[in-house]
Amino acid sequence: AQTVTQSQPEMSVQEAETVTLSCTYDTSESDYYLFWYKQPPSRQMILVIRQEAYKQQNATENRFSVNFQKAAKSFSLKISDSQLGDAAMYFCAYRGNNDMRFGAGTRLTVKP
Amino acid sequence: KAGVTQTPRYLIKTRGQQVTLSCSPISGHRSVSWYQQTPGQGLQFLFEYFSETQRNKGNFPGRFSGRQFSNSRSEMNVSTLELGDSALYLCASSLYASSGANVLTFGAGSRLTVL
Numbered sequence: 003a004q005t006v007t008q009s010q011p012e013m014s015v016q017e018a019e020t021v022t023l024s025c026t027y028d029t030s031e032s033d034y035y036l037f038w039y040k041q042p043p044s045r046q047m048i049l050v051i052r053q054e055a056y057k058q059q060n061a062t063e064n065r066f067s068v069n070f071q072k073a074a075k076s077f078s079l080k081i082s083d084s085q086l087g088d089a090a091m092y093f094c095a096y097r098g099n100n101d102m103r104f105g106a107g108t109r110l111t112v113k114p
Numbered sequence: 011k012a013g014v015t016q017t018p019r020y021l022i023k024t025r026g027q028q029v030t031l032s033c034s035p036i037s038g039h040r041s042v043s044w045y046q047q048t049p050g051q052g053l054q055f056l057f058e059y060f061s062e063t064q065r066n067k068g069n070f071p072g073r074f075s076g077r078q079f080s081n082s083r084s085e086m087n088v089s090t091l092e093l094g095d096s097a098l099y100l101c102a103s104s105l106y107a108s109s110g111a112n113v114l115t116f117g118a119g120s121r122l123t124v125l
């Protein structure tokens with residue numbers, strides 16, 4: 003079974019600084035997708051970034067980028083120039099042939 | 011374009027009762043999936059529907075059931091409620107099913123409290 007592990011329950015970053023959230027996963031599938039979702043205090047989950055496993059190039063979306071290491075089964079999220087609005091729970095997720103699996107989440111605090 | 015709408019947003023039930031939650035997907039989306047979110051277990055997949063057919067089911071007891079209608083709206087039902095069913099129930103919709111190529115759009119959730 004596929005599992006997703008986020009080893010950092012909480013992280014803190016100073017406004018305008020950079021922070022990296024870690025995620026590892028376990029799978030025997032060769033074709034899959036990885037995601038980072040953000041859940042602000044209002045609770046609506048929104049997609050931050052998506053990575054297709056067959057693509058070697060790391061995905062980027064403005065200030066958000068990932069470091070995808072397929073062999074190591076690692077998928078970290080880097081947030082550059084952190085803003086107060088980035089404060090939220092961040093969930094790493096995996097989707098293969100079946101259902102979506104989520105990590106336990108990392109609560110990110112942004113300090114002004 | 012309206013987002014994913016979940017109703018009710020909040021509800022309180024007592025043990026032994028049953029509850030039905032509703033999810034209206036984004037217009038044109040044909041897949042709906044449900045998740046249970048609790049502080050202890052995190053986000054867990056319940057089931058996924060596409061074109062009125064259940065495509066995948068998570069590891070939950072038979073008390074949890076769902077269905078999808080021809081207009082893609084979905085409902086989930088929990089019978090014989092237990093205290094441990096207290097959770098935020100999230101619904102997500104996507105164009106198709108069973109593929110990470112399809113981005114999930116989540117609703118705001120239905121917060122169920124079982125007393």
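The listed protein sequences correspond, in order, to chains A and B. If you read the first sequence in our numbering, its first letter stands for residue 3, the second for the next number, and so on. If you read the second sequence in our numbering, its first letter stands for residue 11, the second for the next number, and so on. Just so it is clear, CB atoms sit at the ideal spot from N, CA and C, and this is done for glycine as well.
Rounded to the nearest angstrom, what separates Asn-69/B and Asp-101/A at their Cα positions?
11 Å
Within 10 angstroms of the Cβ of Ala-74/A, are there 16 or more other Cβ atoms? Answer buried if so, exposed if not.
exposed
So that I know if they touch, is there some Cβ in chain B lying closer than 9 Å to that of Tyr-39/A?
yes
Where Gly-52/B meets chain A, residues with beta-carbon distance less than 9 Å
Phe-93, Phe-104, Gly-105, Ala-106, Gly-107
First and last residue of the uninterrupted beta strand (DSSP E) at Cys-101/B
97-104
Which chain B residues sit within Cβ distance under 7 Å of Met-13/A?
Going along chain B, no residue has its Cβ under 7 Å from Met-13/A, so there is no contact; the nearest lies around 17 Å.
Which first and last residues belong to the beta strand (DSSP E) in which Tyr-56/A is found?
Tyr-56/A -> no beta strand (DSSP E), and no H or E assigned at all.
Roughly how many angstroms separate the alpha carbons of Thr-115/B and Ser-9/A, rounded to a whole number?
26 Å
Report the neighbours of Ala-118/B on chain A: residues whose CB is nearer than 8 Å to its CB, in chain order.
Ser-44, Arg-45, Gln-46
Assigned exposure category for Pro-35/B - 16 Cβ within 10 Å defines buried:
buried
Can you tell me whether DSSP reads Leu-114/B as helix, strand or coil?
coil
As a quick exercise: from Ser-96/B, Ala-111/B, Arg-83/B, Ala-97/B, pick the residue whose alpha carbon is nearest that of Gly-13/B.
Arg-83/B
Between the C-alpha atoms of Arg-121/B and Phe-55/B, what's the straight-line distance to the nearest angstrom?
16 Å
Measure from the alpha carbon of Arg-6/B to the alpha carbon of each residue in Cys-101/B, Ser-89/B, Tyr-45/B, then state which is nearest.
Because chain B spans 11 through 125 in this model, residue 6/B falls outside it and cannot be assessed.
Determine whether the Cβ of Tyr-27/A lies closer than 9 Å to any Cβ atom of chain B.
no
Within 10 angstroms of the Cβ of Ala-55/A, are there 16 or more other Cβ atoms? Answer buried if so, exposed if not.
buried
Which complete beta strand (DSSP E) runs does the stretch 32-101 of chain B hold, if anything under 3 residues is left out?
41-48, 52-60, 63-67, 74-78, 84-88
Where do the N-terminal and C-terminal ends of the beta strand (DSSP E) with Leu-125/B fall, by residue?
Counting along the chain, Leu-125/B falls outside any beta strand (DSSP E), and DSSP gives it neither H nor E.
Which residue's Cα is closest to the Cα of Ser-67/A: Lys-57/A, Ile-81/A, Gln-58/A?
Ile-81/A
Can you grab the Cα-Cα spacing for the pair Ala-61/A / Gln-53/A, in whole Å?
6 Å
Cβ closer than 9 Å: which chain B residues qualify as neighbours of Leu-49/A?
Val-113, Leu-114, Thr-115, Phe-116
May I ask which residues mark the beginning and end of the beta strand (DSSP E) holding Thr-29/A?
Counting along the chain, Thr-29/A falls outside any beta strand (DSSP E), and DSSP gives it neither H nor E.
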